[in-house]
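Residue numbers (this note's numbering), protein chains in the order written: chain Y, 322 to 650; chain E, 451 to 705. What follows is one structure encoded as structure tokens, with my remarks underneath.
Here you go:
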């Protein structure tokens with residue numbers, strides 16, 4: 322029966338059938354998707370001022386900072402009838418586990434009512450009180466490196482969150498399920514990146530352009546120049562490391578400059594300078610200059626005053642037409 | 451659950467299909483055509499989106515020289531710019547064809563290498579030519595045959611007053627040659643002849659849906675030839691000449 326209906330349909334109205342088949346596939350797919358979706362909390366921890374960032378990289382100058390983080394729960398939380406699970410929040414120097422460890426720093430727990438109804442809130446984290454900065458020794462008696470100390474090192478802390486809950490199945494409480502938050506990373510970094518390697522240089526009009534390669538830690542490349550009368554290098558430009566080239570202008574043509582690059586990372590650590598090279602900006606001509614050299618006589622600007630005439634004529638014609646309409650009415 | 455939903459969909463489809471068959475079987479063709487026309491929403495506007503390989507005749511004053519000594523050829527190799535244009539028409543006459551007033555805005559750019567001022571060799575610095583054609587147009591579309599006999603071809607003609615701001619960059623800045631800045635505005639006229647193909651015949655039901663849901667009566671693809679003369683007012687020998695003869699291709703929506 323179903324087959325014969327489908328066959329007749331296909332024969333008589335192929336386009337209509339195609340549309341309905343698409344609609345049906347969509348509906349069936351949606352139902353299947355809904356059946357497979359687990360109603361569990363989805364917890365994330367982000368910065369209050371930028372929810373898209375899940376990592377904060379900082380240096381020695383930020384050791385006394387306090388940053389405000391936001392926890393949020395984007396999906397449903399089970400009813401409190403099966404216990405009242407609070408959301409636990411803590412920072413750790415290792416990986417996030419189900420529960421905070423003894424050396425981890427705990428933050429105030431979020432009651433399940435807040436967690437399930439308001440679904441977002443904020444808490445503060447003091448950099449100086451992160452586990453490896455608060456403690457001076459490790460569990461086995463070793464010495465920890467201090468925040469703001471002279472040593473150059475990189476240390477990652479994670480801010481974790483977790484909740485253990487059970488769903489009310491209607492006939493009782495189900496098995497408790499553990500749900501972890503996506504951790505937020507706090508990266509202490511006092512290690513400067515390695516110096517950039519200059520792979521190409523181009524002298525331009527009152528400018529220089531350098532191509533480079535950098536290590537993965539580098540986020541920004543700084544361009545420094547020293548002219549014949551300068552006592553030291555001056556930074557004249559910076560660019561994102563992903564561009565793989567940086568251009569600095571404001572230089573004088575036909576003057577010999579010493580040029581070098583430095584790399585900078587997200588925490589603001591600056592590398593040693595690259596190898597320095599000598600460059601001399603050159604006078605270049607673009608299309609307008611080539612046009613002029615060929616004998617072109619364009620003066621630039623709105624040079625053709627006569628060109629305004631058609632506009633004036635149009636305005637005049639429009640005015641007359643409006644006057645005529647007024648007269649007729 | 452999935453099975454019952456699928457069966458329900460199939461049943462719904464068969465009912466809809468049966469209704470469609472009954473309509474087309476019971477009514478003569480002219481009645482359907484009449485009903486379609488009555489169902490069509492009023493059409494007053496026409497929107498065109500188009501692209502063109504556009505080569506301004508900047509080398510025209512230098513045609514007596516060898517190609518390598520002509521400025522546009524030297525810097526850009528003589529290749530066309532890519533021009534994109536958006537045009538909106540308002541139809542104020544719709545009896546024997548349609549007559550419309552229109553405005554259009556476009557943008558074209560082309561990049562080449564700058565030259566070393568001493569050696570005249572190409573260097574690793576770009577020089578860009580940018581043009582923004584702005585047009586006020588009068589458009590006549592001969593769509594009478596399409597409306598009356600459903601012939602899907604619509605020839606048309608346009609006349610335009612053109613204003614063309616332009617600028618040239620060397621590196622990242624507007625180029626300055628001596629005391630002259632590489633920027634300005636040119637004025638001129640343009641004439642256009644084109645032919646558009648109405649696409650509604652591919653799926654008439656979809657076309658009607660497009661009208662009833664969005665208000666777009668007809669959809670077209672078109673090709674048009676443009677001749678524009680931008681050096682009419684205050685011409686000077688070896689002047690900056692943005693005139694051109696070019697083809698444009700695009701999509702049109704009548705609504």
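Where is the CB? At the ideal position from N, CA and C, for every residue including glycine.
Query	Result
Can you pull out the residues from the segment 426-453 of chain Y whose beta carbon lies closer than 7 Å to at least one beta carbon of chain E?	none
Closest Cβ-Cβ distance between residue 693(E) and chain Y: below 7 Å?	no
Take the Cβ of residue 570(E) as the centre, count every other Cβ of all protein chains shown within 10 Å, and call the residue buried at 16 or more, exposed below.	exposed
Check the DSSP bridge columns for residue 413(E) and list the partner residues they point to.	The requested residue 413(E) does not occur in the structure, where chain E is confined to residues 451 to 705.
I'd like to confirm the pairing. Which residues does DSSP put opposite residue 566(E) in its beta bridges?	605(Y)
Under a CB-based cut-off of 7 Å, is residue 406(Y) close to chain E?	no
Note down, in chain order, each residue of its chain lying with its Cβ closer than 7 Å to the Cβ of residue 524(Y), except the 5 sequence neighbours on either side.	600, 601, 602, 603
Check this for me: beta carbons of residue 370(Y) and residue 448(Y), under 7 Å apart or not?	no
Smallest Cα separation from residue 455(Y): which of 556(Y), 426(Y), 479(Y)?	426(Y)
Which residue from 578(E), 594(E), 668(E) puts its Cα closest to that of residue 705(E)?	668(E)
Here's the rule I'm using: 16 or more other beta-carbon atoms within 10 Å means buried, otherwise exposed. How should residue 443(Y) be labelled?	exposed
What is the rounded straight-line gap between the Cα of residue 673(E) and the Cα of residue 696(E)?	11 Å
Can you tell me where the alpha helix (DSSP H) with residue 661(E) in it begins and where it stops?	654-664
Are there 16 or more other CB atoms within 10 angstroms of the CB of residue 364(Y), so buried, or fewer, so exposed?	buried
Relative to the C-alpha of residue 621(E), which residue among 544(E), 573(E), 522(E), 524(E) is closest?	573(E)
Could you check whether the Cβ of residue 558(E) sits closer than 7 Å to any Cβ belonging to chain Y?	no
When you compare the CB positions of residue 505(Y) and residue 388(Y), do they come within less than 7 Å of one another, or not?	no
Closest to residue 615(E) by CA distance: which of 627(E), 493(E), 690(E) is it?	690(E)
Three or more beta-carbon pairs under 8 Å between the segment 561-581 of chain Y and the segment 484-501 of chain Y, yes or no?	no
Quick one: what's residue 509(Y) bridged to in DSSP?	379(Y), 476(Y)
Consult DSSP for residue 444(Y) and reduce its assignment to one of helix, strand or coil.	strand
Please report the straight-line C-alpha distance between residue 521(E) and residue 677(E), rounded to a whole angstrom.	22 Å
Taking the alpha carbon of residue 579(E) as the reference point, which residue from 526(E), 517(E), 687(E) has its own alpha carbon closest?	526(E)
Consult DSSP for residue 487(Y) and reduce its assignment to one of helix, strand or coil.	coil
At a Cβ threshold of 7 Å, is residue 533(Y) touching chain E?	no
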